[in-house]
Every structure is written in C-alpha cells, then in structure tokens.
Amino acid sequence: MKKKILVTGGAGFIGSHLCTRLLNEGNEVICLDNYFTGNKKNIVGLIDNPYFELVRHDVIEPFYAEVDQIYNLACPASPVHYQYNPIKTIKTSVMGAINMLGLAKRVKATILQASTSEVYGDPVEHPQRESYWGNVNPIGLRSCYDEGKRCAETLFMDYHHQNKVDVKIIRIFNTYGPNMNPDDGRVVSNFIVQALRGEDITIFGDGMQTRSFQYVDDLVEGMVRLMNSEKGFTGPVNVGNPNEFTMLELAQNIIELTGSSSKLTFKTLPQDDPKQRQPDISLAKEKLGWQPNIQLREGLAKTIQYFEEALKNNN
Ligand code: NAD
Ligand code: UDP
Ligand code: UDP
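Using the working numbering, the first residue of the sequence shown is number 4, and each one after it goes up by one.
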C-alpha cells in the first residue's frame, strides 16, 4: 500500500538513496533538508516525480505534515562537518529528535532514528553488541555527535514508553557509496578522491585502527526492513558489515582498484578516534532476516566509478 513517508536529511548521502528506494516502491516521499551537508544534485533525478516533495527546513524548528512513517536522518555525519559547529550538531540531534517525535506522536506515525556505532565510542567490547553501553568521552571533540545521538536514542525510548510512539532505532556502522560529497571528509571518499587525483593518501595515525565498511544499498535494505518490522520491536539494532579492515588495508585496496600512483602520507590521529569497530549483527539477522550482500572490493569499485564521473563533471 502506498504510504506517505517523511525523510529528514533526505538530500544527503544515505537519504538520497533511501528517497529513491521508497519512491521506486510506489510511496509518496517528503524530503526535508537544510542543505548543510546535503546537495540538491543528489536528488535532482527525483524532482520530476509528482510523488516527491522537497522542503527546505531545519529540523530544530517544528514541522507539520500528515505522514505514515518518518526516517530521521538529519544530522551531519562526517567528523569535519559535525565539529564545524558542535552546538548546532547537538541541537540538530536533540531538538530534531524532539520535533520529529512530537510529529510522530500527533499523527501516529512510525519513526526510525538513524543512530550510529558512535554510541559505542572507543569500544572495549569487540565486536559490539547492542547490549554494550559504550565508552564515550562526554567532553571531547566527537561528543557533540556521540552524545547528541545517545540523547536522541534516550528520547526515542522515552517517547515510546511515555507516549506509546512506535519507534525504531538503527545503529548504522560506517557506510559508503555513490552520492558521498567529494569534500565529505570521511575516509572512503577522501582516499578515493586522493587516489583518483594522484594526491597523497592521508592516513591518520599509524593506519592500524579498524572500521567495518558497509555499502549503502545493504544499509537501505536494513533500514526499510526495520521500519516495517513487527510492531513493538524498537531495536536498537546494529546494521553494518562485520568484515573489518585497517585504514592501511583500505588504502591498499583503493590504490589497487584505481590503479593510482598515489603514495601514503601519515597525519596526526584526531582526538578520541576509535581504535576498532565491528558490528555483531546477530539481532539484525534474527529479527530482520538481514545481512550484507556487497563486500568491500565490489562496493569500492561502484563508488570509484561514481567519483570518476563526479570529478570529471567538476562536481
Ligand atoms: P550526510 O551529511 O550526507 O547527510 C545528512 C543530511 O542531513 C544532509 O543532507 C544535511 O544537509 C542534513 N541536515 C543536517 N543538519 C540538518 C538540520 N538541522 N535540518 C535539516 N537537515 C539537516 O550524512 P549521511 O552519511 O547521509 O548520514 C545520514 C544519517 O545517518 C545521519 O544522521 C548520520 O548520523 C547517520 N549515520 C551515517 C553513517 C555513515 O557511515 N554514513 C554512520 C552512522 C550513522
Ligand atoms: N511538533 C512538531 N510537529 C508536530 C507536533 C509537534 O514539530 O506535528 C513539535 C512541537 O513543536 C514540540 C515537539 O514537537 O516542540 C514535541 O512535541 P510534544 O507534543 O511531544 O511536546 P509539547 O508540544 O507538549 O512540548
Ligand atoms: N581517516 C584517515 N584519513 C582520512 C580520513 C579518516 O585515516 O583522510 C581515519 C580516521 O582517523 C578514522 C577512520 O579513518 O580512524 C574512519 O574515519 P571516518 O571519519 O570515515 O569515520 P569515523 O571515524 O567516524 O568512523
């Protein structure tokens, strides 16, 4: 059945893929964005669709619409961008969550929060299960993002318990793919853009820290499955690809796949940079029947192709 669906942060990297998927399934989509890190280019192909509506709006302000489902993605996700104006970042997470939960409560919509593996901070439990409470610095450079997302989770569960709002919390692990901004600042886009331009690849620290990278199509599948999961199942649920790589391995893969002559250059490791990260996805498998299908080299090849085009068009 056709649903009316609100996607906040819909002009961003993940949001643009989600809007496309939801429209392709025959839904009506309202895409809300303030274009802080998002870009109209990501959704320009959707604008002619009469079931797609684009709204310039900031989630820290109240918003009124009649919808069946809300995906709350509005929030800068790259450390460079979320640290640019940390007060605004935490306002976006916290006040954005309150406004979208207020909306969900009023119209009885199901609401999904794009949470993050960052709620685990620099984890001492490895791999991370949803039951792990995390190891987060409350007063560091990453805190505006980590604590904002943790507080949003708290609000989601409190609206669920106190106001019976139908909530879903997804903890997203590092995701990459087409529509990332070349200036996004996260590791996959940085390395690919540097490799394609023949510039030095910037390894922070010794490059032995790890991340587990998932391709965006796998994530979007997990988000849609969670949104439509059995009533009362709130999560939080980890969605990520458990294959774990060091940043040196990531750089090596990208150099090979691009055939680049770029060399590595080593920079200072940013404060509180997590040393390791890998999702335990048992819960997603059990409750959503979900697991990732696209492995790193296949996903990187698609992403490299996207950036080749984007850089050619001076995007
Ligand atoms: P992104 O920066 O490309 O997208 C975020 C979008 O939110 C942008 O379009 C931006 O303009 C918009 N936005 C920011 N502040 C806003 C505000 N106050 N009002 C309205 N719109 C606002 O990042 P992304 O990777 O697509 O991330 C989307 C969501 O997923 C974020 O909430 C992020 O925290 C979460 N997430 C992403 C990853 C990842 O690896 N990509 C991992 C964990 C969680
Ligand atoms: N809100 C919104 N859209 C709605 C309903 C509410 O943006 O359709 C906002 C509202 O402005 C408020 C927040 O959501 O600031 C929380 O709403 P709630 O009803 O939970 O709290 P209250 O209005 O009682 O503070
Ligand atoms: N990183 C790096 N070079 C870069 C950008 C990031 O070595 O140009 C490292 C960063 O220090 C971190 C990892 O790559 O250890 C992932 O960084 P990203 O910002 O993509 O995500 P997050 O740290 O939020 O998981």
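Beta carbons are placed, not taken as given, at the ideal position from N, Cα and C, and that holds for glycine.
Under 7 Å, Cβ to Cβ, is there at least one residue of chain D near residue i?
i: residue 34; result: The structure shown contains no chain D; it is built from a single protein chain.
Quick one: does the C-beta of residue i sit closer than 6 Å to a heavy atom of ligand 1?
i: residue 17; result: yes
i: residue 76; result: yes
i: residue 62; result: yes
i: residue 38; result: yes
i: residue 243; result: no
i: residue 175; result: yes
i: residue 117; result: yes
May I have the straight-line CA-CA distance separating residue i from residue j, to the nearest angstrom?
i: residue 279; j: residue 122; result: 13 Å
i: residue 134; j: residue 124; result: 14 Å
i: residue 162; j: residue 63; result: 17 Å
i: residue 242; j: residue 228; result: 11 Å
i: residue 293; j: residue 224; result: 8 Å
i: residue 190; j: residue 249; result: 11 Å
i: residue 263; j: residue 40; result: 28 Å
i: residue 324; j: residue 254; result: Any answer about residue 324 is impossible in this case: the structure gives the chain only from 4 up to 318.
i: residue 312; j: residue 34; result: 25 Å
i: residue 96; j: residue 77; result: 8 Å
i: residue 202; j: residue 61; result: 36 Å
i: residue 238; j: residue 266; result: 42 Å
i: residue 151; j: residue 128; result: 22 Å
i: residue 143; j: residue 137; result: 15 Å
i: residue 221; j: residue 297; result: 7 Å
i: residue 140; j: residue 88; result: 18 Å
Sorry if obvious, but does the Cβ on residue i come closer than 6 Å to a heavy atom of ligand 2?
i: residue 109; result: yes
i: residue 210; result: no
i: residue 102; result: yes
i: residue 66; result: yes
i: residue 99; result: no
i: residue 105; result: yes
Is the closest heavy atom of ligand 3 to the C-beta of residue i under 6 Å?
i: residue 213; result: no
i: residue 82; result: yes
i: residue 183; result: no
i: residue 276; result: yes
i: residue 207; result: yes
From which residue to which residue does the beta strand (DSSP E) around residue i run?
i: residue 174; result: 170-175
i: residue 57; result: 55-59
i: residue 219; result: Not the beta strand (DSSP E): residue 219 falls in the alpha helix (DSSP H), residues 219-230.
i: residue 36; result: 31-36
What first and last residue would you give for the alpha helix (DSSP H) that runs through residue i?
i: residue 253; result: 250-261
i: residue 287; result: 285-291
i: residue 77; result: Here residue 77 belongs to no alpha helix (DSSP H), and DSSP marks it neither H nor E.
Does the region 165-173 come close enough to the region 22-29 to have 3 or more Cβ pairs within less than 8 Å? no
Is the region 175-186 touching the region 6-20, taking contact as three or more C-beta pairs under 8 Å? yes
When the Cβ atoms of the region 75-83 are set against those of the region 186-202, are three or more pairs found closer than 8 Å? yes
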